[in-house]
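Student: Here the protein sequences come in this chain order: W and B.
Everything in the first sequence is counted per the numbering used here, starting at 9 for the first residue and increasing by one.
Everything in the second sequence is counted per the numbering used here, starting at 9 for the first residue and increasing by one.
The structure follows.
Protein chains: 2
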Amino acid sequence: MPTVLVTAGPTREHLDEVRFLTNASTGRMGYAIAAAAHAAGCEVVLVTGPTHLTPPAGVTDVQVVSALEMLAACERALARADIVFGVAAVADHRPRARHAGKPAKNDAPYSLELVPNPDILASLARVKGRRVFVGFSLDAQAADASAQRERARRKLERKGLDLIVVNDSSALGAERSAVTVLDAGGHDYALPPQDKEATAAWLVQLALARWRTRVDEASP
Amino acid sequence: MPTVLVTAGPTREHLDEVRFLTNASTGRMGYAIAAAAHAAGCEVVLVTGPTHLTPPAGVTDVQVVSALEMLAACERALARADIVFGVAAVADHRPRARHAGKPAKNDAPYSLELVPNPDILASLARVKGRRVFVGFSLDAQAADASAQRERARRKLERKGLDLIVVNDSSALGAERSAVTVLDAGGHDYALPPQDKEATAAWLVQLALARWRTRVDEASP
Chain W
9 MPTVLVTAGP TREHLDEVRF LTNASTGRMG YAIAAAAHAA GCEVVLVTGP THLTPPAGVT
69 DVQVVSALEM LAACERALAR ADIVFGVAAV ADHRPRARHA GKPAKNDAPY SLELVPNPDI
129 LASLARVKGR RVFVGFSLDA QAADASAQRE RARRKLERKG LDLIVVNDSS ALGAERSAVT
189 VLDAGGHDYA LPPQDKEATA AWLVQLALAR WRTRVDEASP
Chain B
9 MPTVLVTAGP TREHLDEVRF LTNASTGRMG YAIAAAAHAA GCEVVLVTGP THLTPPAGVT
69 DVQVVSALEM LAACERALAR ADIVFGVAAV ADHRPRARHA GKPAKNDAPY SLELVPNPDI
129 LASLARVKGR RVFVGFSLDA QAADASAQRE RARRKLERKG LDLIVVNDSS ALGAERSAVT
189 VLDAGGHDYA LPPQDKEATA AWLVQLALAR WRTRVDEASP
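Structural data, given as structure tokens:
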């Protein structure tokens with residue numbers, strides 16, 4: 009069985025010891041995928057930002073805080089990974105500087121300088137080999153579903169992914185959500201609204217099927 | 009018995025629908041104080057930022073997200089409050105503008121304009137009457153304990169508080185912590201390291217004693 013690398017949760021981008029930029033990702037979908045992959049017989053490495061969840065039994069978890077730490081942990085785990093699920097809601101930007109301690113209260117307006125974080129999944133996918141890469145696309149501009157799919161497809165192509173899972177920001181913290189999956193071959197799969205565990209199990213089976221096809225094609 | 013208003017948890021200051029500035033406050037100390045005040049026979053209003061805790065049974069809770077929402081909720085609750093515990097780790101600043109939705113990913117550095125939030129406890133203490141106000145001071149620059157107490161005492165005086173509880177940032181998320189309490193009369197009380205429930209019960213008894221003294225002094 010293949011080894012599965014899953015990123016999950018938010019990242020925290022600290023301004024100082026106390027304050028940070030983050031988002032409301034609970035990590036539930038990533039943890040559900042890690043559990044589903046383990047249940048399917050895979051070895052699983054879960055690289056996770058801060059969440060209130062307990063890692064699934066049998067899964068190797070690596071706890072990180074920031075996007076840079078998450079990238080470093082993923083790079084260490086990539087060599088033995090066959091399937092990569094990038095589920096973490098990684099902060100796009102981090103403060104340019106992190107101050108030591110908690111600066112004294114400052115009652116004036118100020119400008120916080122932010123710099124872009126690396127795109128973790130795109131960075132890992134540059135050394136793709138025969139790995140299967142699955143990305144997630146959170147899109148709050150969901151008024152037009154076909155434009156949303158178009159944006160996700162461009163993201164899939166730009167990052168070199170095999171599959172991308174599209175949901176809107178109502179999925180953050182939600183128990184149930186409906187997702188659409190796009191593949192690199194141009195197909196769409198619309199999943200019904202269901203809990204994250206059911207969606208996770210389905211996504212793991214889809215990724216496993218892709219990986220098996222790729223391994224079979226590579227065989228002499 | 010007096011009515012007790014408690015603020016708890018972090019606040020979230022949104023940049024857009026998804027991203028926000030916050031801190032790692034769990035809300036545990038504020039919730040413990042609300043529970044202890046209820047156990048002591050007080051009516052309790054708990055104004056709380058986002059946490060993973062369940063409000064104590066018998067306590068009226070008001071869920072808020074941002075510092076401005078917390079201030080508005082406290083102002084509504086203040087009229088019937090006799091003792092105010094400001095335990096929330098309120099964000100000092102918020103983004104000047106909140107964008108609708110989640111803006112598309114932006115790969116360039118940028119400056120985030122931040123403006124100061126109101127000081128909730130100082131703002132409430134301007135209409136003090138015979139209320140007892142208890143503040144908390146989180147101080148990460150804890151190398152020098154006497155300088156730390158000095159800063160806390162200035163904060164107590166500037167905000168018009170009766171008591172201030174000093175702990176260092178190791179208390180954020182910790183199960184046990186040692187705190188020092190300063191009062192407006194110039195006294196210090198050093199509590200031993202103990203769990204937050206024990207500290208909370210002690211602080212509630214101290215505030216109740218101050219409130220009873222004040223009520224007695226005001227009687228003819």
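Even for Gly, the Cβ is constructed at its ideal location relative to N, Cα and C.
Note that the structure is a prediction, hence the values are computed from the model and not measured.
Going along chain W, which residues have a C-beta under 7 Å from E165(B)?
Tutor: The premise fails here: E165(B) is roughly 15 Å from chain W at the closest Cβ pair, so nothing lies under 7 Å.
Student: Can you tell me whether DSSP reads H195(W) as helix, strand or coil?
Tutor: coil
Student: Would you kindly work out how many angstroms separate the C-alpha atoms of V12(B) and L29(B), rounded to a whole number?
Tutor: 29 Å
Student: In its own chain, which residues sit with a C-beta less than 6 Å from the C-beta of P124(B), not counting the 5 before and 5 after it?
Tutor: H101
Student: Going along chain B, which residues have a C-beta under 9 Å from E121(W)?
Tutor: P117, Y118, S119, L120
Student: Grouping DSSP H, G and I as helix and E and B as strand, with all else coil, what is H101(W)?
Tutor: strand
Student: Decide if S119(W) is buried, meaning its Cβ has at least 16 other Cβ atoms within 10 Å, or exposed.
Tutor: exposed
Student: With distances taken from CA atoms, which of C50(B), V26(B), R20(B) is nearest R33(B)?
Tutor: One point to set straight first is that residue 33(B) is Ser, not Arg, in the sequence displayed. Ranking the options by Cα distance to S33(B), first place goes to R20(B).
Student: Please classify S145(W) as buried or exposed, where buried requires at least 16 neighbouring CB atoms within 10 angstroms.
Tutor: It is buried - the Cβ of S145(W) has at least 16 other Cβ atoms within 10 Å.
Student: Please say whether L54(B) and V67(B) have beta carbons closer to each other than 8 Å?
Tutor: yes
Student: Rounding to the nearest angstrom, what Cα-Cα distance links K110(B) and L61(W) in this structure?
Tutor: Straight across, the Cα-Cα distance linking K110(B) with L61(W) is about 25 Å.
Student: Does the beta-carbon of N114(B) have 16 or more other beta-carbons within 10 angstroms, so that it is buried, or is it exposed?
Tutor: So N114(B) ends up on the exposed side.
Student: Tell me which same chain residues have a C-beta within less than 7 Å of the C-beta of N175(B), skipping the five on either side of it?
Tutor: L146, S185, V187
Student: For a cutoff of 8 Å on Cβ pairs, would you count T174(W) as touching chain B?
Tutor: Looking at the sequence itself, residue 174(W) is Val, so the reference to Thr does not match. V174(W) does not count as touching chain B.
Student: Figure out for me which residue from P228(B), L211(B), S227(B), E225(B) has the closest Cα to the Cα of I91(B).
Tutor: Nearest C-alpha to I91(B): L211(B).
Student: Check the Cβ of T56(W) against every Cβ in chain B and list those closer than 7 Å, keeping chain order.
Tutor: The contacting residues do not exist; T56(W) stays about 16 Å from chain B at best.
Student: Using the three-state DSSP reduction, which class does A42(B) fall into: helix, strand or coil?
Tutor: helix
Student: Could you name the residues that DSSP lists as bridge partners for R184(W)?
Tutor: D203(W)
Student: Going by other Cβ atoms of all chains shown within 10 Å of its Cβ, with 16 needed for buried, is S227(W) buried or exposed?
Tutor: exposed
Student: Out of A89(B), A16(B), D203(B), which has the shortest C-alpha to C-alpha gap to A133(B)?
Tutor: A89(B)
Student: Would P124(B) count as contacting chain W if we go by Cβ distances under 8 Å?
Tutor: yes
Student: Interface residues of chain W around F93(B) at Cβ under 7 Å?
Tutor: Near F93(B) there are no residues of chain W at all, since even the closest Cβ is about 19 Å away, more than 7 Å.
Student: Which residues in the same chain have their Cβ closer than 7 Å to the Cβ of G49(W), if we skip the five residues on either side of it in sequence?
Tutor: Same-chain partners within the cutoff: M9.
Student: Just to make sure I have the definition right: I need the residues of chain B whose C-beta is within less than 8 Å of the C-beta of K204(W). Which are they?
Tutor: Under the 8 Å cutoff, chain B gives no residues; its nearest Cβ is about 18 Å from K204(W).
Student: Taking the alpha-carbon positions, what's the L79(B) to V142(B) distance?
Tutor: 16 Å
Student: What are the boundary residues of the beta strand (DSSP E) that includes L171(B)?
Tutor: 171 to 175
Student: Alpha carbon to alpha carbon, what distance is there between W219(W) and D170(W)?
Tutor: 10 Å
Student: Does any CB atom of chain W fall closer than 8 Å to the CB of T30(B)?
Tutor: yes
Student: Taking any Cβ of chain W, which residues in the stretch 95 to 115 of chain B have a Cβ under 8 Å from it, in chain order?
Tutor: A97, A99, D100, H101, R104, G109, K110, A112, K113, N114, D115
Student: Pull up the distance between the alpha-carbon of A44(B) and that of E165(W), whole angstroms please.
Tutor: 56 Å
Student: Counting contacts by CB-CB distance shorter than 8 Å, is G17(W) in contact with chain D?
Tutor: Annotation note: the requested chain D is absent from the structure, which comprises protein chains W and B.
Student: Can you tell me whether S74(W) is buried or exposed? The criterion is at least 16 other CB atoms within 10 Å of its CB, across all chains shown.
Tutor: buried
Student: By a C-beta neighbour count over all protein chains shown, 10 Å radius and 16 as the cutoff for buried, is D127(B) buried or exposed?
Tutor: buried
Student: Following the continuous alpha helix (DSSP H) through L86(B), name the residue where it begins and the one where it ends.
Tutor: 75 to 86
Student: Decide if P280(W) is buried, meaning its Cβ has at least 16 other Cβ atoms within 10 Å, or exposed.
Tutor: An answer regarding residue 280(W) cannot be provided, because it is not within the stretch 9 to 228 covered by chain W.
Student: What's the C-alpha gap between A81(B) and A215(W)?
Tutor: 48 Å
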